[in-house]
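>
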Amino acid sequence: MSGKTVVRVAGGQGFWGDWLEAPRRQVEGGQVDYLMLDYLAEVTMSILQKQKERDPNMGYARDFVGAMESVLDAVVNKGVKVIANAGGVNPEACAAAVQAMAAKHGAAGKLKIGVITGDNLLPRIDELLANGHELRNMDTGEPLSLVRDRVIAANAYIGSEPIVEALNRGANVVIIGRSTDTALTMAPLRYEFGWAANDWDKLAAGIIAGHIIECGAQCSGGNCLHDWRNIPNLADIGYPIVECSPDGTFVVTKHDNTGGRVSVPTVTEQLVYEMGDPHSYITPDVVADFTSIQLADGGTDRVKVHGIKGSAATDKLKVSIAYRSGYKAVGSLVYSWPDALEKAQMADRILRERLDRLGLTFEQVLSEFVGASATHGPLAGVGAGKDAPEIQYRIGVRDADKAKVERFTREIVPLVLNGPPSVTGFAAGRPKTEEIVAYWPALVDKTVVTTHVEVLS
Amino acid sequence: MKVRLLDIAHARSGDKGDTANVGLIALKPEWYDVLVTYVTEAAAVTHFTGVITGGVQRYELPNLRALNFLLHGALDGGGTLSLKTDAQGKVFSTAMLRMVIDVPDAEAQALALPAYTAAV
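Protein sequence lines correspond, in order, to chains A and B. Heads up: the first sequence runs through residues 6 to 462, numbered per the working numbering. Heads up: the second sequence runs through residues 913 to 1032, numbered per the working numbering.
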């Protein structure tokens, strides 16, 4: 236990691809104790797995090395600690790249990097299946054996334990692979305040703090529908910071003199994002109850959060499995006024007739008319897009047979000269055929996953 | 009186597999009960006819003055399988806010709900 009365955890990345400026702004804009960087979405691990197959030194979120470089001074000289799930399927290589970067700046001896492994179950899949772990799809109930030969990544979502251990062993940078996003925030709070492994309410509070800041600026005014026109200065948006007390109550805020907004509505929008059953938000550490969360205005850009209840964790871990699932291609053309929508609809009829004549059928064909009905479908109303200045015609196909999808990609651009008039927007030419890597969520007994913590210095 | 959700609530949506979730949040605390009463699972099923292929589940979060809707079969398979522009259900939020509910005049006036007049 540190004896601190407040611990400040700053969220600096909400996904791999987030604002490169954010980590540096978080450590330079005011005092923070921890910088939390979340890099992983559901299918990110499979992309990283493919990269590692091509080059054994790859397979981690490479943005993280640049992020570390941008905050190196704060880590070395101000004691800010960094916790990131940037390790992907190769946390060791990620750590080595960070060490090499630090060495370049003469700071190699100043980093103690905690590397956490054990989440990667890909090498163990057959062993698990042989031992009766069916890894059934949580959505469909199907056993993994159905797609076993197409699996390319399998990672258990790891909780806070190994991160706490790395911090206990003196790490000032913690690199983990597939941890839960929320554990990256909860673990340092648990470490600082010495919360017990069964202190469910406090652990749940840490998890909810993590949920609020895991998507970066999405809780501090970014992508916020409420009063969106009046949210100040999004160009200079401040990313979120959690100021947590030992009792698990916390304040969500951001640095002074930054844009964006932290208010009850901005935080509420983030709380409901990707929500399932709010009574049981299941994590490896605790089951959090979102119906217990109390929010209160704590002044300008400050929201107080309290009252959070949690209950005992389950004996399972969620496993994120990625498998090859056929091919897809999506192409588009733009039709202009007058009668843009009618022209686009005619193009769709012609294209589908030509696909029929070629004898091409697909597992799925989807046509959309962007500007009329692509996102809201019939809810946009009968006349939607009727007098639009332009309509984008967008068509996609999906199939197990790559050759069929390839053939489809040849059929779109010819419409420019042999279909309806006033068409443009075809500069990219034929669309690309993409291999689909699909997601298979499963559960596995906690007892079969063992994590390892190594602290490099 | 006709009331459009856009005028009394805000929302955010996301995905889990082939399910989109919509968190619907009352713009004023006193309007939360209106959402609870009139934006039922059945109302959501009707609203999303032709948009989703599965059912709807609703959860209440009185503490946040919010309802959470799970819209099943909303994303053409979901995730990387989906061919949709909105494969991750990001704008089901605003699709939900298009819903127009019927609130008895007395109740609507007592709560100062803004009336919705459809554009002709």
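Note that the Cβ used here is the ideal one computed from N, Cα and C, for glycine as well.
Pull up the DSSP beta-bridge partners for A/Gln-54, would you.
To locate residue 54 of chain A, count along the first sequence from 1; it is residue 49. BP columns for A/Gln-54 are empty, so no partner.
> Compute the beta-carbon to beta-carbon distance between B/Leu-1023 and B/Trp-943, rounded to the nearest angstrom, for a pair I have assumed lies under 8 Å.
Mapped onto the second sequence, residue 1023 of chain B falls at position 111. Mapped onto the second sequence, residue 943 of chain B falls at position 31. Contact holds; Cβ gap of about 6 Å.
> If we require 3 or more residues per run, which beta strand (DSSP E) segments fall completely within the region 339-412 of chain A?
Counting only runs of 3+ residues, the beta strand (DSSP E) found wholly inside the region 339-412 of chain A occupies 369-375, 395-404, in chain order.
> Cutting at 6 Å between CB atoms, please list the residues of its own chain near A/Met-191, excluding the five before and the five after it.
For the purposes of this step, residue 191 of chain A is identified with residue 186 of the first sequence, where counting begins at 1. Contacts found: Ser-165, Gly-211, Ile-212, Gly-215.
> Per DSSP, A/His-311 is paired with what?
Taking the first sequence and counting its residues from 1, one reaches residue 311 of chain A at position 306. DSSP, once it has assigned bridges, lists A/Gln-299 as partnering A/His-311.
> In chain order, what residues of the same chain lie with their CB nearer than 6 Å to the CB of A/Pro-283, ignoring the 5 residues before and after it?
Mapped onto the first sequence, residue 283 of chain A falls at position 278. These residues qualify, in order along the chain: Phe-295, Thr-296.
> Quick one: grab the DSSP three-state call for B/Asp-930.
Numbered from its first residue, the second sequence carries residue 930 of chain B at position 18. In this structure, B/Asp-930 counts as coil in the three-state DSSP scheme.
> Is it buried or exposed for A/Asn-125, if we count other Cβ within 10 angstroms and need 16 for buried?
Within the first sequence, residue 125 of chain A is the residue found at index 120, counting from 1. With 16 or more Cβ atoms within 10 Å of its Cβ, A/Asn-125 is classed as buried.
> I'd like to know if B/Thr-952 contacts chain A, where contact means its C-beta is closer than 8 Å to some C-beta of that chain.
Taking the second sequence and counting its residues from 1, one reaches residue 952 of chain B at position 40. Not one chain A Cβ lies under 8 Å of B/Thr-952.
> Is the Cβ of A/His-231 closer than 8 Å to any Cβ of chain B?
The residue labelled residue 231 of chain A in the question sits at position 226 within the first sequence. By this cut-off, A/His-231 is an interface position.
> Against chain B, with Cβ distances strictly below 8 Å, would A/His-216 count as a contact?
Taking the first residue of the first sequence as position 1, residue 216 of chain A is located at position 211. Not a single C-beta of chain B is nearer than 8 Å to the C-beta of A/His-216.
> Exposed or buried, B/Gln-1021, counting other C-beta atoms within 10 Å across all chains shown (16 or more means buried)?
As a working note, residue 1021 of chain B is residue 109 in the second sequence. Classification for B/Gln-1021: exposed.
> Given a cut-off of 8 Å, decide if A/Ala-158 and A/Val-94 are closer than it, judged by their beta-carbon atoms.
Along the first sequence, read from residue 1 onward, the residue named residue 94 of chain A stands at position 89. Along the first sequence, read from residue 1 onward, the residue named residue 158 of chain A stands at position 153. Yes, Cβ-Cβ distance for A/Val-94 and A/Ala-158 is below 8 Å.
> How big is the Cα-Cα spacing for A/Trp-205 and A/Ala-188?
Working through the first sequence from its first residue, we reach residue 205 of chain A at position 200. Working through the first sequence from its first residue, we reach residue 188 of chain A at position 183. Taking the straight line from one Cα to the other gives about 14 Å.
> Residues of chain B with CB closer than 9 Å to the CB of A/Ile-298, please, in chain order.
Residue 298 of chain A sits at position 293 when you count from the first residue of the first sequence. From the beta-carbon of A/Ile-298, the residues of chain B found nearer than 9 Å are Leu-973, Asn-975, Leu-976.
> Can you check the region 104-172 of chain A for any beta strand (DSSP E) of at least 3 residues that lies completely inside it and give the ranges in chain order?
118-122, 156-161
> Taking DSSP as the reference, what is the three-state secondary structure of A/Asp-186?
Position 181 of the first sequence, counted from the first residue, corresponds to residue 186 of chain A. The answer is coil: DSSP assigns A/Asp-186 none of H, G, I, E or B.
> Flag this pair as yes or no: are the beta carbons of B/Gly-935 and B/Ala-978 separated by less than 8 Å?
Within the second sequence, residue 935 of chain B is the residue found at index 23, counting from 1. Within the second sequence, residue 978 of chain B is the residue found at index 66, counting from 1. In this structure, B/Ala-978 lies closer than 8 Å to B/Gly-935 by Cβ.
> Check each candidate in B/Ala-923, B/Leu-917, B/Ala-921, B/Asp-927 and name the one with the smallest Cα separation from B/Gln-1000.
What you label residue 1000 of chain B is simply residue 88 of the second sequence in a count that begins at 1. That would be B/Asp-927, whose Cα lies nearest to the Cα of B/Gln-1000.
> Strictly under 8 Å for the Cβ-Cβ distance: is B/Lys-996 near chain A by that measure?
Residue numbering aside, residue 996 of chain B sits at position 84 when the second sequence is read from its first letter. Answer yes: the Cβ-Cβ gap between B/Lys-996 and chain A drops below 8 Å somewhere.
> Within this structure, are the beta carbons of A/Gly-264 and A/Asn-238 separated by less than 8 Å?
Numbered from 1 along the first sequence, position 259 holds the residue referred to as residue 264 of chain A. Numbered from 1 along the first sequence, position 233 holds the residue referred to as residue 238 of chain A. In this structure, A/Asn-238 lies closer than 8 Å to A/Gly-264 by Cβ.
> Measuring only from the beta carbon, is A/Leu-42 closer than 7 Å to any heavy atom that is part of the ligand MN?
This structure lacks the ligand MN, and indeed carries no ligand of any kind.
> Report the neighbours of A/Lys-437 on chain B: residues whose CB is nearer than 7 Å to its CB, in chain order.
For this step, residue 437 of chain A is matched to residue 432 along the first sequence. Near A/Lys-437 there are no residues of chain B at all, since even the closest Cβ is about 14 Å away, more than 7 Å.
> Compute the Euclidean distance between the alpha carbons of A/Asp-23 and A/Tyr-44, then round it to the nearest angstrom.
Counting from 1 along the first sequence, the entry for residue 23 of chain A is found at position 18. Counting from 1 along the first sequence, the entry for residue 44 of chain A is found at position 39. In a straight line, the C-alpha of A/Asp-23 is about 8 Å away from that of A/Tyr-44.
> Please state if the CB of B/Leu-1025 and the CB of B/Val-915 are separated by a distance shorter than 8 Å.
Counted from its first residue, the second sequence places residue 915 of chain B at position 3. Counted from its first residue, the second sequence places residue 1025 of chain B at position 113. Cβ distance < 8 Å, so B/Val-915 and B/Leu-1025 count as in contact.
> To test your reading of the DSSP string, which unbroken alpha helix (DSSP H) runs of 4 or more residues are found completely within the region 186-215 of chain A?
The qualifying runs are 188-198.
> With DSSP as the reference, label B/Phe-1004 as helix, strand or coil.
Start at 1 with the first residue of the second sequence, and residue 1004 of chain B comes out as number 92. B/Phe-1004 falls in the helix class under three-state DSSP.
> Go through its chain and collect everything with a Cβ distance to A/Ile-217's Cβ below 8 Å, but skip five positions before and after it.
One-based indexing of the first sequence puts residue 217 of chain A at position 212. So the list reads Cys-224, Pro-245, Val-247, Val-257, Val-272, Gln-275, Leu-276, Val-310, once near-sequence residues are dropped.
> Quick one: list the residues of chain B neighbouring A/Gly-382, beta-carbon separation under 7 Å, in chain order.
Looking up residue 382 of chain A in the first sequence gives position 377. Per Cβ cutoff of 7 Å: Gly-962, Val-963.
> With three or more C-beta pairs closer than 8 Å as the rule, is the region 434-446 of chain A touching the region 318-325 of chain A?
yes
> What in chain A is Cβ-close to B/Asp-988, meaning under 8 Å?
To locate residue 988 of chain B, count along the second sequence from 1; it is residue 76. In chain order: Gln-369, Leu-371.
> Measure from the C-beta of B/Arg-970 to each C-beta in chain A and report whether the shortest distance is under 8 Å.
What you label residue 970 of chain B is simply residue 58 of the second sequence in a count that begins at 1. No - not a single Cβ of chain A is within 8 Å of the one on B/Arg-970.
> Output the boundary residues of the alpha helix (DSSP H) element that contains B/Thr-958.
For the purposes of this step, residue 958 of chain B is taken as the residue at position 46 of the second sequence. 953-959 is the extent of the alpha helix (DSSP H) around B/Thr-958.
> Starting from B/Phe-981, follow the beta strand (DSSP E) in both directions and report where the run begins and ends.
Counted from its first residue, the second sequence places residue 981 of chain B at position 69. Element bounds for B/Phe-981: 978-983.
> Would you identify the three-state DSSP class for A/Met-73, choosing helix, strand or coil?
For the purposes of this step, residue 73 of chain A is taken as residue 68 along the first sequence, with counting starting at 1. Helix.
> Just tell me which of B/Gln-969, B/Val-963, B/Asp-1017, B/Gly-967 has its CA closest to the CA of B/Val-1003.
By one-based count along the second sequence, residue 1003 of chain B stands at place 91. With distances taken between Cα atoms, B/Val-1003 lies closest to B/Val-963.
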